[in-house]
Structures are given as structure tokens and as C-alpha cells.
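K.L.:
Throughout the sequence shown, residue numbering follows full-length UniProt numbering, covering 1 to 474 in sequence. We treat Cβ as the ideally placed atom computed from N, Cα and C, and that holds for glycine. Please read through the structure below; I'll follow up with questions.
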Amino acid sequence: MADGLQTIPLWINSKEEQSAETFSVINPDTDTECWNACSASIDQAVTAIEAAKIAFPSWSTTKLAFREKLLLKAADLIEERAAHLTKIMSTEMGIDVHLAPFFVTVTADFCRDLAGRVMTLQGTAPICRDEGRSAMVFKEPYGVMFGIVPWNAPYILGCRSIATAIATGNTTLIKGSEKTPRSFLELVKVFEDAGLPPGVVNLIYTEPSQSALVVETIIRHPDVRKVNFTGSTEVGRAVARVCGTNLKPCLMELGGKNSVIVLSDADLDLAASQCVMGGFMNAGQIRMSTDRVLVMADIAEQFEQTVRNILVDTFATQKLPNIISSASKQRLAGMISDAASHGARIINGDTSENNTENKSDGNQFVPIIIGNITPSMQIWKDEAFGPVFSIRTVESEQEAVEAANDTTYGLNMSIFTKDLRKAFAIAKQLECGMTVHDEGALPFGGIRNSGWGRFNAAEGMEEFLVTKTVTWDD
């Protein structure tokens, strides 16, 4: 860890807090340290929970109109600070300077969408079966929420955990990824400056070797009422085990192995361009990135050529963002090597050597499209989470559906066809939480090993609310 660098503090009870231990934050573009960050101790995590608990009684009774106004103010501040937020995120993530503003805009849009939903929070007054009895069903906040948020979209994913909690009257402790601590701190300060009272939102991060112990301690704490987690399936299982042992409900968005089905009547230019964008946006480091393309045999050759042409045009004037770490680079190179050793071919040229040997350009990883994929290959089974996707030829729609469902995941899939009726028929057969979805105003989440529950929209707000039934005799 380099001396003389800025140290990013924790944020507890509306104050910056230092810690005894710190860790280095790496810029993926240069593979060098950009700043240090505080590593929260268990005592500091508990202090953050206590601050959230103290803030809850007052915050949970705030008027909905006040929460609405606060979220709208936060959206305005996000847009006002867009240049600053973009610079911080680009430094920590290595994200393309053209893509980073998009992430900031989506974050502001999410705040406004949520603000528009706050006033819809309401219970019901159902009719009781027994005469002489009445009932009301209330929607109430849980209390202290615990959000675990990854690095790959810190503003968007951080906002949906923070903003949904406060919109529904909860208080929260956020554990931001150690890879993007300053991005999370800047986001929390937006909500503070929008008028959030002390203790409602608290933020920590930890040195990786300490994360498991700190997270387990937080989940076990009796004042933490619910957990929301976004991240890998492997870590999600570990979080779920602790939640289960302590009977804590949890909302989870995990990994995906997302397929695109391209039917014979599809607009190939549209399908190819969307596959390239879906596969390589943010260097493929998005849980709903395109991993597999299943294309009908009669158009496969034309589709592959169209993809190659679009790939050349797309990256003739812009560079793909770096992936987050050298470890991720080596993992991806290993997956490609495994596929090649089992007969796969690189459709857009043999660039695997560049990806494994080029050490001069940080963690740059040139985009890869792989053909001749078989189900026995690692690249078919495992989430790539990088700028790699495979193309497999299929002979029928049924074969395409079976291939798409040949995964333990179930996050997002897409269908390209001009026949809307056929698209709906296929969508019903796909085992996933979403098809062709990237919209913050709609529910977001998966099934199977991609998690459970939903973020966003009315369904996402329900995840942050408890249902209470009250009956009385007339």
C-alpha cells in the first residue's frame, strides 16, 4: 500500500470515520494504486447498525411527500455532479468515459422513478368472511436493512439498495465493494446533501480477507431485519447460509448465463448489433450480459459475418474498457484456452495470445466471439463476466429453447424475431426471470442460481416492506 495517497473514509451516522486498518484501491487501467480506503472493524460495523436503529423510529414516520421530495432532489444532485461522479467511477472501474455518463443518468432516472412510486405506498381494507368483523392490511418498513453491493455498477446498484430502503421508510447499512469505495461514498453524500437525517444511511467497506467475518457479524446482529445482496452465485450461497441460520429474509440478484435466440426471420443487423452491445458493454462485466447466442442454422453464416462487421466498426474508434483485475483477465484467458483445446474456434480472429500475453496495457482484454461450442466446455457452463460470448448453431426453435435452458442459472434471455406471437410462445418456455429487459421501471431479478426476489418497480418496493394484518370486531 502506497503512502501519501488519499484515504477514503467510512460513513457512519452522517460522519466520516477513519479506521485502524486500510487497504489499497487499484485503478484497472494502470493496475496501480489510486487511493487507500478504510477497512471497517466489527465494532465499527456494529456502531453503524446502532446508528441505523436509532434513526429508524423517526425516519419510518416521515411523510411520504418528504421522501418523494428528497429522492427528486437526489436525482438533481446526481445530474449536477455527473462530471465528478463519472471521473471517480472511471478511475476505480476503468470504465469507458463514454459509458460512465450513461450509468450516472440511469441512476438519476431510477431516483425519479422511485420518487413517483412513493405516494402509491398503501395497504388495503379487505372484506372479512365473518359478519361483524373488519380488517386492514398495512405495509410497514422492516427496520434496519443490510445491503451488499458490488463494484460493476456502483451508482445504479448502490442507488437501488439505498433509495428503495429510504423510500419505504427503512434505514440501512451498505457494504460497498472494496474495489469502488469512493464511488459509494460519493453516492451516499448525494443523499445526505438531499436532506437525509443522520443515521438513515451508513456505509462501510472492508479489506477482502476480513469481509466474510464482518458480513456474518452484521447478518447475525438482532437489529438487522433483512439483507439484500447483488453479486456472484458463490458468494450469494455463503450469504444465504448465514441468513438461513439466523432466519433473516434476503433478496438476491446473482449470476447469469444469458442466452440470445436469433430466429430465421430476425433483423440480422439489429440482432447482431444488440449482441455486440449486450456482450461487450462495460467489457461484459454485467450480470445480464450476453453469454451465448443460439442462431438458426440457415442464417448462421450470415449472422456471424454481420457480427464481425459490427465488431470491427464498433471498436475502430473506441477501446473496450479494461476488466477489473489481472485475476479476471487470467480467468477469462483460461476459459478461452479450454474451449480452444476442445475444438472451439475464435470467430473474430485468433486473439487469445493478445489476451494472455499483452501486459503493457493494464487489464485490457480484446473482445472474443467463440464458435463450435459444445456443452462440455467450461465457456458453455460458467458465467464469463467479461468481453466474451459464444455462438452455437441450432436446427429448430425447440433445440434453441432446450439449449438456452441448459444452465443452472435463470436471469435474462432474449429473442430476435419479427413474429411477436412466436416470441411470446418461446418466452413462456424459457426458464428465466426476464426476457429482453434492461429497464429500471420494471421488476428485475432471476430464478434458480440467479437468485430470488425482485429489485425495482412496485415488486422491488414490496421486498422492503412487511405486511401486517389488523382485525377488530365492529
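I believe Val-401 touches His-221 by the beta-carbon criterion, under 8 Å. Please report the beta-carbon distance rounded to the nearest angstrom.
P.N.:
So it is not a contact: roughly 45 Å between Cβ atoms.
K.L.:
Quick check on Ala-339 - is its C-beta less than 7 Å from some C-beta in chain C?
P.N.:
Although the question refers to chain C, the structure presented lacks it and comprises just one protein chain.
K.L.:
If I measure Cβ to Cβ from Gly-451 and keep anything under 7 Å in the same chain, skipping five residues before and after, which residues do I get?
P.N.:
Cβ neighbours of Gly-451 beyond the five flanking positions: Gly-236, Met-252, Glu-253, Leu-254 and Gly-445.
K.L.:
At which residue ranges does the stretch 396-440 contain complete beta strand (DSSP E) runs of 3 or more residues, listed in the order of the chain?
P.N.:
The qualifying runs are 412-416.
K.L.:
Roughly how many angstroms lie between the CA atoms of Gly-279 and Ile-391, to the nearest whole one?
P.N.:
Approximately 12 Å, taken between the alpha carbons.
K.L.:
What are the boundary residues of the alpha helix (DSSP H) that Pro-101 is part of?
P.N.:
Note, Pro-101: alpha helix (DSSP H), 100-118.
K.L.:
Would the stretch 30-44 and the stretch 65-74 be scored as touching if the rule is three or more Cβ pairs under 8 Å?
P.N.:
Too few Cβ pairs lie closer than 8 Å, so no.
K.L.:
Comparing C-alpha positions only, which one of Asn-363, Leu-121 and Ile-54 sits nearest to Gln-457?
P.N.:
Checking the sequence shown, residue 457 turns out to be Ala, not Gln. It is Leu-121 whose Cα lies nearest to the Cα of Ala-457.
K.L.:
Could you tell me which residues DSSP pairs with Glu-463 in its beta bridges?
P.N.:
According to DSSP, which records beta bridges pairwise, Glu-463 is partnered with nothing at all.
K.L.:
So is Lys-257 buried or exposed if we call it buried at 16+ other beta carbons inside 10 Å?
P.N.:
That one is buried.
K.L.:
Just to confirm my understanding: we take Glu-16, look at its own chain, exclude 5 residues before and 5 after, and list those with CB closer than 6 Å. What are they?
P.N.:
Within the same chain, Glu-16 has close Cβ partners Pro-9.
K.L.:
For a test of the three-state rule: what should DSSP assign to Ala-37, helix, strand or coil?
P.N.:
Strand, per DSSP.
K.L.:
Nearest by alpha-carbon distance to Phe-229: which of Ala-283, Ser-161 and Glu-131 is it?
P.N.:
If we check each option's Cα against that of Phe-229, Ser-161 comes out closest.
K.L.:
Is Glu-383 buried or exposed, if buried means 16 or more other CB atoms sit within 10 Å of its CB?
P.N.:
By the 10 Å Cβ count, Glu-383 comes out buried.
K.L.:
Which same chain residues, not among the five before or five after Asp-406, have their C-beta less than 7 Å away from its C-beta?
P.N.:
Taken in chain order, the residues that qualify are Pro-375.
K.L.:
Taking Ile-447 as the reference, which of Met-288, Asn-363, Phe-389 and Pro-387 has the closest Cα?
P.N.:
Minimum Cα distance to Ile-447 is reached at Met-288.
K.L.:
Cα separation between Ser-232 and Val-312?
P.N.:
Cα to Cα, Ser-232 sits roughly 31 Å from Val-312.
K.L.:
With Phe-146 as the anchor, note down where its beta strand (DSSP E) starts and where it stops.
P.N.:
It spans 144-149 - the beta strand (DSSP E) in which Phe-146 sits, taken as one unbroken run.
K.L.:
Please report the distance separating the alpha-carbon of Gly-343 from that of Arg-241.
P.N.:
Taking the straight line joining both Cα atoms gives about 39 Å.
K.L.:
Using the Cα positions of Asp-338 and Ile-368, report the straight-line distance between them to the nearest angstrom.
P.N.:
Each residue's alpha carbon lies about 14 Å from the other.
K.L.:
So within the stretch 172-231, which uninterrupted beta strand (DSSP E) runs reach at least 3 residues, ignoring any that extend past its ends?
P.N.:
You should have 201-204 and 224-230.
K.L.:
Between which residues of its own chain and Pro-198 is the CB-CB distance below 6 Å, once the five residues before and five after are set aside?
P.N.:
The answer, listed in chain order, is Asn-13 and Ser-14.
K.L.:
Rounded to whole angstroms, what is the Cα-Cα separation between Val-144 and Met-461?
P.N.:
One C-alpha to the other measures close to 15 Å.
K.L.:
Put Gly-451 into one of helix, strand or coil per three-state DSSP.
P.N.:
Strand, per DSSP.
K.L.:
Less than 7 Å separating the beta-carbons of Asn-363 and Ser-326?
P.N.:
For Asn-363 and Ser-326, yes; Cβs fall inside 7 Å.
K.L.:
Give the DSSP-derived three-state secondary structure of Leu-270 in the structure shown.
P.N.:
Three-state result, Leu-270: helix.
K.L.:
Give the single residue among Gly-334, Ala-297, Ile-324 and Ile-347 whose Cα lies nearest to the Cα of Asn-309.
P.N.:
The candidate whose alpha carbon is nearest that of Asn-309 is Ile-347.
K.L.:
Is DSSP giving Ile-391 helix, strand or coil here?
P.N.:
In this structure, Ile-391 counts as strand in the three-state DSSP scheme.
K.L.:
Which residue's Cα is closest to the Cα of Met-434: Thr-417, Arg-421, Tyr-409 and Leu-420?
P.N.:
Residue Tyr-409 is the option with its Cα nearest to Met-434.
K.L.:
If you compare alpha carbons, which of Ala-404, Glu-192 and Asn-152 is closest to Ile-166?
P.N.:
Ranking Ala-404, Glu-192 and Asn-152 by Cα distance to Ile-166 puts Glu-192 first.
K.L.:
So the alpha helix (DSSP H) Ile-379 belongs to, where does it begin and stop?
P.N.:
Its alpha helix (DSSP H) spans residues 378-381.
K.L.:
Helix, strand or coil for Thr-30, going by three-state DSSP, please let me know.
P.N.:
Note: Thr-30 maps to coil in three-state DSSP.
K.L.:
Verify whether the separation of the beta carbon atoms of Thr-164 and Phe-424 is less than 7 Å.
P.N.:
No. Outside cutoff.
K.L.:
The beta strand (DSSP E) spanning Gly-132 covers which residue range?
P.N.:
Counting along the chain, Gly-132 falls outside any beta strand (DSSP E), and DSSP gives it neither H nor E.
K.L.:
Based on Cα-Cα distance, which residue from Phe-184, Thr-180 and Lys-175 lies nearest to Glu-216?
P.N.:
Of the candidates Phe-184, Thr-180 and Lys-175, the one whose C-alpha sits nearest the C-alpha of Glu-216 is Lys-175.
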